[in-house]
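Chains P and E, in that order, give the protein sequences. In this text, residue positions in the first sequence follow the numbering used here: the first is 1, and each later residue adds one. In this text, residue positions in the second sequence follow the numbering used here: the first is 249, and each later residue adds one. Ideal Cβ placement from N, Cα and C applies to all residues, glycine included.
Number of protein chains: 2
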Amino acid sequence: MISKSIEKYVNSLKQKKYRIEEGHYIAEGEKIAEELLHSDQVISKLIATRDWFSANERLQRRKNMKVIEATEQEMKRISGLVRPSNVLLVVAIPPVEVDEQVVLKNLSLVLDGISDPGNLGTIVRIADWFGIPYIFCSEDSADAYNPKVVQASMGSIARVKVTEMPLADLFRRFPSMPVYATALEGESIYNATLSKSAFIVIGNEARGISEHISPFVTRVLTIPKSGGAESLNAAVAAGIVCAMFRKD
Amino acid sequence: MISKSIEKYVNSLKQKKYRIEEGHYIAEGEKIAEELLHSDQVISKLIATRDWFSANERLQRRKNMKVIEATEQEMKRISGLVRPSNVLLVVAIPPVEVDEQVVLKNLSLVLDGISDPGNLGTIVRIADWFGIPYIFCSEDSADAYNPKVVQASMGSIARVKVTEMPLADLFRRFPSMPVYATALEGESIYNATLSKSAFIVIGNEARGISEHISPFVTRVLTIPKSGGAESLNAAVAAGIVCAMFRKD
Chain P
1 MISKSIEKYV
11 NSLKQKKYRI
21 EEGHYIAEGE
31 KIAEELLHSD
41 QVISKLIATR
51 DWFSANERLQ
61 RRKNMKVIEA
71 TEQEMKRISG
81 LVRPSNVLLV
91 VAIPPVEVDE
101 QVVLKNLSLV
111 LDGISDPGNL
121 GTIVRIADWF
131 GIPYIFCSED
141 SADAYNPKVV
151 QASMGSIARV
161 KVTEMPLADL
171 FRRFPSMPVY
181 ATALEGESIY
191 NATLSKSAFI
201 VIGNEARGIS
211 EHISPFVTRV
221 LTIPKSGGAE
231 SLNAAVAAGI
241 VCAMFRKD
Chain E
249 MISKSIEKYV
259 NSLKQKKYRI
269 EEGHYIAEGE
279 KIAEELLHSD
289 QVISKLIATR
299 DWFSANERLQ
309 RRKNMKVIEA
319 TEQEMKRISG
329 LVRPSNVLLV
339 VAIPPVEVDE
349 QVVLKNLSLV
359 LDGISDPGNL
369 GTIVRIADWF
379 GIPYIFCSED
389 SADAYNPKVV
399 QASMGSIARV
409 KVTEMPLADL
419 FRRFPSMPVY
429 ATALEGESIY
439 NATLSKSAFI
449 VIGNEARGIS
459 EHISPFVTRV
469 LTIPKSGGAE
479 SLNAAVAAGI
489 VCAMFRKD
């Protein structure tokens, strides 16, 4: 049974303010729960229905994790999904330490005001697919631990290090790193020679790259267009750019 | 003012059954309305607030289009969006005639059970970006005129021809066309020589390519993975595949 105080606590974590205060976020759904329970993330609560527990006996054991059985009705009251899942975790937001050597040897994604949580989650999943260890988000980006981001990341949020910081500080800290951005006009990404280690900036869905970020960009790439659409979805563009960086 | 019968009619078009019966769909939002009003689509109703009309005087004139001014309250009652827009169109679903010569000379996307309307709309936008004229959808795919698809397509639904049919019939009709599909294991898309005209099959979000479609696939490609994610979002994968086909 879920107590009133647990119900209130879990629901509070749907708001960024309380996630920051409490240092925890919620992750729902069988696939994501399975991935997180197999990861090294710190999970403070596992809330699930009897059916889930019967089907997942092996997954339940963990130190310092409070295990709570809930009815379907109770799951509905804490779920953020249209179709409530039968399992929900409360997970500690991991501290992100930026290992400079890792950044210098890899591609990193830099999100300049990605505001749609679905796009952000999809981009986390792309980074995970391509083995990109870090995502740096501007402070006006969606919050990486928003339940919709966690959902769209399909568990990848447990493997990719996502951190928020003023992007100008990031670029100043790594002055030797090339900074690529995509725009409607630029060098065709199909012919460009691309670095193995670089920052790849993905601009906001509507306004693109911010003015104060542009001076840091060392190369502007474009995905050549041959049809009528004005733009590509930000996550789709991110996926295409990552694939092009990996192709050689 | 919106009459009760118009309100009922517009709301009925949120369901596929009534869209098929009436042969019309709804499109909301300033950007999409602007694109549609500039296109050759047949628009039967333009419903908007006074503010929208004052700002868009030039866009209003069209033959056989009923123009209705609505209050914000009234827009709320017909909108399908969380934040109701100030303009909504009722648009005729265009008949799709498959021009065999066009199909034979181009890439076409073939969607095998894409069930998420957001993904379908994003794929329509990708096709439009890359100048892909046709999208063929299996009968268990999301409906192309679902309001969420229209929304995610960002106006591209007016330029790309999307049609539903049994996919086996499509492949039998074009026996000489190569049929590409992506899977977790296959030939790396980075090194593959790709045709300029082909069918590109995008599988369902969870189960991939259907069993009855597999025999028609002539080449299986994979987007090489170097990280932990189990899969890529279907629209992201579609975007990467299209870019790779266009790159040479």
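What residue does the alpha helix (DSSP H) around residue i start on, and which one ends it?
i: E/Val258; result: Lys252 to Ser260
i: E/Ile326; result: Glu320 to Ile326
i: E/Glu278; result: Glu278 to His286
i: P/Lys63; result: Per DSSP, P/Lys63 belongs to no alpha helix (DSSP H) and is neither H nor E.
i: P/Glu21; result: Lys16 to Glu22
When the Cα of residue i is compared with those of the options, which residue comes out closest?
i: E/Lys311; options: E/Phe301, E/Asp288 and E/Pro332; result: E/Asp288
i: P/Glu230; options: P/Ile2, P/Leu221, P/Ala183 and P/Glu30; result: P/Ala183
i: E/Cys385; options: E/Gln399, E/Ser363 and E/Ala400; result: E/Ser363
i: P/Phe216; options: P/Val91, P/Lys66, P/Leu170 and P/Gly227; result: P/Leu170
i: P/Met75; options: P/Pro84, P/Leu120 and P/Gly118; result: P/Pro84
i: P/Glu187; options: P/Ser176, P/Met165, P/Lys225 and P/Ser156; result: P/Lys225
i: E/Ser424; options: E/Leu352, E/Pro343, E/Ile461 and E/Ser389; result: E/Leu352
i: E/Leu329; options: E/Gly277, E/His460 and E/Ile250; result: E/Gly277
i: P/Val220; options: P/Glu139, P/Ser79 and P/Leu194; result: P/Leu194
i: E/Lys293; options: E/Gln308, E/Arg309 and E/Val315; result: E/Val315
i: P/Tyr328; options: P/Ala92, P/Ile132 and P/Asp128; result: Outside the displayed span of chain P (1 to 248) sits residue 328 of chain P, for which this structure offers no information.
i: P/Ala144; options: P/Gly131, P/Pro94, P/Phe130 and P/Asn191; result: P/Pro94
i: P/Gly227; options: E/Phe378, E/Lys256 and E/Asn394; result: E/Phe378
i: P/Met1; options: P/Ile132, P/Thr49 and P/Pro147; result: P/Thr49
i: E/Ser458; options: E/Lys262, E/Thr319 and E/Pro414; result: E/Pro414
i: P/Lys148; options: P/His212, P/Ile43 and P/Asn119; result: P/Asn119
i: E/Gln308; options: E/Gln263, E/Glu320 and E/Ile291; result: E/Ile291
i: P/Ser3; options: P/Lys14, P/Gln73 and P/Lys31; result: P/Gln73
I need the boundaries of the beta strand (DSSP E) containing residue i, first residue and last residue.
i: P/Phe136; result: Tyr134 to Cys137
i: P/Thr222; result: Arg219 to Thr222
i: E/Phe447; result: Ala446 to Gly451
i: E/Asp360; result: Leu355 to Asp360
i: E/Ser462; result: Element bounds for E/Ser462: n/a, residue is neither H nor E.
i: P/Glu100; result: Counting along the chain, P/Glu100 falls outside any beta strand (DSSP E), though it belongs to the alpha helix (DSSP H) covering Glu100 to Leu104.
i: P/Lys257; result: The requested residue 257 of chain P is not part of the displayed model; chain P covers only 1 to 248.
i: E/Val498; result: With chain E covering only 249 through 496, there is no way to say anything about residue 498 of chain E.
i: E/Glu317; result: Lys314 to Glu317
i: P/Leu59; result: Per DSSP, P/Leu59 belongs to no beta strand (DSSP E) and is neither H nor E.
i: P/Val87; result: Val87 to Ala92
inquiry  = Give me the subset of the region 365 to 380 of chain E whose CB atoms are less than 8 Å from a CB atom of chain P, sorted by chain position.
reply    = Using a CB distance below 8 Å, the part of the region 365 to 380 of chain E facing chain P consists of Gly366, Thr370, Arg373, Ile374, Ala375, Asp376, Trp377, Phe378, Gly379 and Ile380, ordered along the chain.
Residues within the region 164 to 188 of chain P neighbouring chain E, beta-carbon criterion of under 8 Å = For the region 164 to 188 of chain P, no residue has a beta-carbon sitting nearer than 8 Å to a beta-carbon of chain E.
ask   = Going along the chain, which residues of the region 202 to 228 of chain P sit with their C-beta nearer than 8 Å to a C-beta in chain E?
value = Residues of the region 202 to 228 of chain P with a C-beta less than 8 Å from any C-beta of chain E: Ile223, Pro224, Lys225, Ser226, Gly227 and Gly228, listed in chain order.
request  = Can you give me, in chain order, the residues of the region 254 to 273 of chain E that have a beta carbon less than 9 Å from any beta carbon in chain P?
outcome  = Those would be none; no residue qualifies.
ask   = In chain order, which alpha helix (DSSP H) runs of at least 4 residues are fully inside the region 364 to 437 of chain E?
value = You should have 365 to 377, 395 to 401 and 415 to 421.
ask   = Would you call the region 98 to 114 of chain P and the region 31 to 39 of chain P touching, i.e. three or more CB-CB distances under 8 Å?
value = With the rule of 3 Cβ pairs closer than 8 Å, the region 98 to 114 of chain P does not count as touching the region 31 to 39 of chain P.
ask   = Any residues in the region 329 to 353 of chain E with a beta carbon nearer than 8 Å to a beta carbon of chain P? Which ones, in chain order?
value = Residues of the region 329 to 353 of chain E that bring their beta carbon within less than 8 Å of a beta carbon in chain P are absent altogether.
query = Does the region 109 to 120 of chain P come close enough to the region 446 to 453 of chain E to have 3 or more Cβ pairs within less than 8 Å?
reply = By the Cβ rule, the region 109 to 120 of chain P does not count as touching the region 446 to 453 of chain E, because fewer than three pairs are nearer than 8 Å.
message = Taking beta-carbon pairs under 9 Å, can you tell me which members of the region 392 to 409 of chain E lie near chain P?
response = The region 392 to 409 of chain E vs chain P, Cβ under 9 Å: Ala400, Ser401, Met402, Gly403, Ser404, Ala406, Arg407 and Val408.
query = Between the region 161 to 176 of chain P and the region 256 to 274 of chain E, do at least 3 Cβ pairs fall closer than 8 Å?
reply = Verdict: no, contact absent.
Any 3 or more C-beta pairs closer than 8 Å across the region 170 to 181 of chain P and the region 190 to 204 of chain P = The region 170 to 181 of chain P, when compared against the region 190 to 204 of chain P, does touch it at the 8 Å Cβ threshold.
task = Could you tell me whether the region 233 to 241 of chain P touches the region 478 to 493 of chain E, using the rule of 3 or more Cβ pairs below 8 Å?
result = With the cut-off at 8 Å, the region 233 to 241 of chain P and the region 478 to 493 of chain E touch.
query = If we count Cβ pairs, one from each stretch, closer than 8 Å, do we get three or more for the region 364 to 381 of chain E versus the region 298 to 307 of chain E?
reply = Flag = no, the region 364 to 381 of chain E and the region 298 to 307 of chain E do not touch.
key: Contact set between the region 287 to 309 of chain E and chain P, restricted to residues whose Cβ is under 7 Å from the partner   = From the region 287 to 309 of chain E, no residue has a Cβ closer than 7 Å to chain P.
ask   = Using a Cβ cut-off of 7 Å, which residues of the region 479 to 491 of chain E contact any Cβ in chain P, in chain order?
value = Cβ contacts with chain P: Leu480, Asn481, Ala483, Val484, Gly487, Ile488 and Ala491.
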